[in-house]
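Under this note's numbering, the first residue of the sequence shown is numbered -9, with each subsequent residue one higher.
All remarks here apply to the structure that follows.
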Amino acid sequence: MIEMYGVSKAYNKGPVALKDINLKIEKGEFVFIVGPSGAGKSTMIKLLFREELPTKGQIFFCGKNITRMKPREIPYIRRRIGMVFQDFRLIPQKTVYENIAFALQVVEAPQREINRKVPQVLEMVGLPHKAKAMPGELSGGEQQRVALARAIVNNPDALVADEPTGNLDPDTSWEIMKLLSDINKRGTTIIVATHARELVDSMKKRVIQLDKGYIVRDEARGAYRK
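Below you can see the structure in the form of structure tokens.
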């Protein structure tokens, strides 16, 4: 599903964030990307989402070379990869329902589809009773559940999460990881960049460890560190 060949990323007047990355992630996998701050985790996620381009190398998503996409083709990748962030990134002036519906509106989904899908994903994340609430009225865990619902409402092939539990307490973090696991069981590929050692150690998923821009470990059923 996702393939990287010889991918490097250097920033102007800054460090080389990724160096000669070769990586393949199969459809339906659940993958943790771990490593210290500055290891290259967030850069890798930005490349996957086509937010940035590599300095060299090629990236393929579902057989399509996303590094060679024309600007008008970028929405193709954005519709097929759901994104979840540490800071939720909900629109504060919109209700929970409207935040999720917005992800469908930007791809010009018909209103009938919006009316059907939004309640479905709210039910999936356990928040049907919060549809009319504003983001500021929700706890951090509830806001992250809304962000998850928004990320999956378009039935993406993959969901990429950048430190999704970074602002949450341990119990809420476990709830979010269980939701991600449930989404994965439905067939969605999950990629999570995280510092949450205990979660990674307990879930026994594939672990890709970055250090100074290099992949230093790629282990099935791995732990945060050996």
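We put the CB at the ideal spot given by N, CA and C, even for glycine.
If you check the CB distance, T57 and S(-2) do not come in under 7 Å.
Judged by DSSP secondary structure, E(-7) falls within the beta strand (DSSP E) whose first and last residues are -8 to 0. Counted as a single uninterrupted DSSP element, the alpha helix (DSSP H) harbouring E103 occupies residues 101 to 114.
The beta carbon of I64 is closer than 6 Å to those of R40 in its chain, skipping five residues each way along the sequence. Looking at the backbone, the Cα of V97 and that of G53 are separated by about 22 Å.
Secondary structure remark: continuous alpha helix (DSSP H) runs of at least 4 residues inside the segment 33 to 76, in chain order: 64 to 70. The criterion of a C-beta distance shorter than 7 Å is satisfied by Q48 and Y(-5). Residue state for T85 is assigned as coil, using DSSP reduced to three classes.
Distance from the CA of T33 to the CA of A7, rounded to the nearest whole angstrom, comes to 7 Å. With a 10 Å radius around the Cβ and a threshold of 16 neighbouring Cβ atoms, V86 comes out buried. Between Q83 and the set L37, F75, E127, the nearest pair of CA atoms involves E127. Of all C-beta pairs linking the segment 144 to 158 to the segment 112 to 127, fewer than three are shorter than 8 Å, placing the two stretches out of contact. Taken through DSSP and simplified to helix, strand or coil, T162 comes out as helix. Per DSSP, reduced to three states, the secondary structure at D147 is coil, with no helix or strand assignment. Sequence-distant partners of N174 (beyond 5 residues in either direction) whose C-beta falls short of 6 Å from its own C-beta, in its chain, are F20, I180.
Nearest in C-alpha terms to D77, of all of V111, V136, Q101, I104, is V136. Taking Q199 as reference, the option from P154, T184, S192 with the minimal CA-CA separation is T184. With respect to G4, G177 sits apart: the two C-beta atoms are not nearer than 7 Å. Annotation: F22 to K122 spans about 34 Å, alpha carbon to alpha carbon. With fewer than 16 other Cβ atoms inside 10 Å of its own Cβ, D191 counts as exposed. When DSSP states are grouped into helix, strand and coil, F92 belongs to the helix group.
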